[in-house]
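Everything on this sheet refers to the single structure shown next.
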Amino acid sequence: MSRRLTILAGCLVVALLTAWYAGSRFEPSTPGPTPGSVRLGPDAGEPVADYLTRLPAVLPPSGVPAYALVQFRTELTGPAALAAVDGTGPVTAVFRVPIDRVQTALRFEDLGTIDLARSRARDTASADAERLTGRPAAVAAAEAAALADPGCACVVALVVRGERAALEALGARAEVRAAHAAPADAEPVELALSPLLPGQTEAADPLPDDGEVP
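For reference, each letter of the sequence shown is one residue, going 58 to 271 in this note's numbering.
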């Protein structure tokens with residue numbers, strides 16, 4: 058019995074020493090950024106006037122670059138969207154196919170080229186059309202058909218990176234409705250994008266969904 062207790066005690070000492078060594082040798086890793094923790098776009102139901110009024114206060118300090126969600130007055134073609142944000146660095150495109158009184162999806166694509174991003178959005182819409190049934194499938198199929206056209210006016214917003222002066226300059230452009238800047242230290246993974254849609258004129262409420270699907 059005493060021999061067994063001695064063996065058990067020895068095992069316990071080894072385990073404790075191993076745990077101590079591991080804890081002293083490796084320090085805890087630093088937590089990474091939290092995905093989706095920085096919202097860009099109006100809150101659900103927020104009055105449009107209130108949303109637009111609060112945006113200047115979140116612009117970065119002069120000379121400091123930040124990511125920003127640039128929201129357009131109407132859906133634009135890819136080239137027109139890029140021209141509207143000239144002077145900044147576009148990194149993500151937000152596509153939405155406009156169909157009268159039909160809710161269509163927001164499709165977020167990283168930019169290599171705008172045409173490549175549009176093609177990826179089309180592929181995602183095609184996959185949705187095959188996966189879904191009924192009206193949602195018909196809507197996705199209509200989106201895929203529209204996104205197949207290089208001239209589709211389907212870009213509702215772009216995420217860009219720019220300094221304060223460049224972001225302020227965007228507000229003077231006819232195509233731009235709002236530029237919502239993230240904190241200067243925010244990383245792309247932290248951004249949760251919910252752009253103000255052209256049809257949302259009074260408040261950020263859901264748009265009608267009682268129209269005919271083409």
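Glycine residues also receive a C-beta, built at the ideal position from the N, C-alpha and C atoms. Just so you know, these numbers come straight off a predicted model, no measurement behind them.
Leaving out the 5 sequence neighbours to the left and right, which residues in its chain are closer than 6 Å to residue i when beta-carbon positions are compared?
i: Ala72; result: With a pLDDT of only 42 at Ala72, under 50, the local geometry of the prediction cannot be trusted, and the value read off the model is given with reservation. For Ala72, where only same-chain residues beyond five positions count, there are no Cβ hits under 6 Å.
i: Ala249; result: Gly93 and Arg96
i: Ser81; result: Caution is warranted here: a pLDDT of 40 is assigned to Ser81, below 50, making its placement in the model unreliable, and the coordinate value is therefore given only provisionally. So no residue of the chain qualifies.
i: Pro104; result: Ala260
i: Ser183; result: Ala201
Using DSSP with H/G/I as helix, E/B as strand and the rest coil, what is residue i?
i: Val212; result: strand
i: Thr190; result: coil
i: Val270; result: coil
i: Val148; result: strand
i: Val121; result: coil
i: Leu126; result: strand
i: Thr131; result: strand
i: Asp185; result: helix
i: Ala236; result: strand
i: Asp180; result: helix
i: Ala174; result: helix
i: Pro265; result: coil
Considering only residues of the same chain and omitting the five flanking positions on each side of residue i, which have a CB-CB separation below 8 Å?
i: Gly120; result: Glu220 and Arg221
i: Leu264; result: Arg158, Gln160, Leu254, Gly256 and Gln257
i: Leu189; result: Ala197
i: Ala11; result: Given that the chain is displayed from residue 58 to residue 271, the structure contains no residue 11 and the question cannot be resolved.
Can you name the residues that DSSP bridges to residue i?
i: Leu248; result: Val95
i: Ile156; result: Val159
i: Asp242; result: According to DSSP, which records beta bridges pairwise, Asp242 is partnered with nothing at all.
i: Gly256; result: Looking at the DSSP assignment, Gly256 forms no beta bridge with any residue, so it has no partner.
i: Val105; result: Looking at the DSSP assignment, Val105 forms no beta bridge with any residue, so it has no partner.
i: Val217; result: Ala125 and Pro147
Could you tell me the boundaries of the alpha helix (DSSP H) in which residue i lies?
i: Leu112; result: Leu112 -> no alpha helix (DSSP H), and no H or E assigned at all.
Are the beta-carbon atoms belonging to residue i and residue j less than 8 Å from one another?
i: Thr145; j: Val154; result: no
i: Ala101; j: Ala239; result: no
i: Pro271; j: Ala210; result: no
i: Phe284; j: Ala194; result: Because residue 284 is not part of the residues shown, which for the chain are 58 to 271, the question remains open.
i: Arg130; j: Glu232; result: yes
i: Leu126; j: Ala214; result: yes
i: Pro90; j: Glu247; result: yes
i: Ala243; j: Tyr124; result: yes
i: Ala201; j: Ala223; result: no
Given residue i, which residues of its chain have a CB within under 7 Å of its CB, disregarding the five upstream and five downstream residues?
i: Leu168; result: Pro147, Val148, Thr149, Ala150 and Ala174
i: Tyr78; result: For Tyr78, the predicted structure reports a pLDDT of 39, less than 50, and the residue's modelled location is therefore unreliable. A value from the coordinates is still provided. Correct list: empty, nothing qualifies.
i: Asp267; result: Arg158
i: Ala235; result: Leu109, Leu112, Gln128 and Leu253
i: Ala203; result: Val154, Cys209 and Cys211
i: Gly98; result: Leu126, His237, Leu250, Ser251, Pro252 and Leu253
i: Thr181; result: Arg164
i: Asp172; result: Gly135 and Pro207
Which two residues bound the contiguous beta strand (DSSP E) that contains residue i?
i: Glu166; result: Arg164 to Asp167
i: Arg230; result: Careful: Arg230 lies outside any beta strand (DSSP E) and carries neither H nor E.
i: Leu139; result: First-last for Leu139: Gly135 to Ala141, but that is the alpha helix (DSSP H), not the beta strand (DSSP E).
Measuring from the CB of residue i, is there a heavy atom of the ligand PLP at a distance below 7 Å?
i: Ala241; result: In the structure shown, the ligand PLP is absent, as is every other ligand, since no ligand is present at all.
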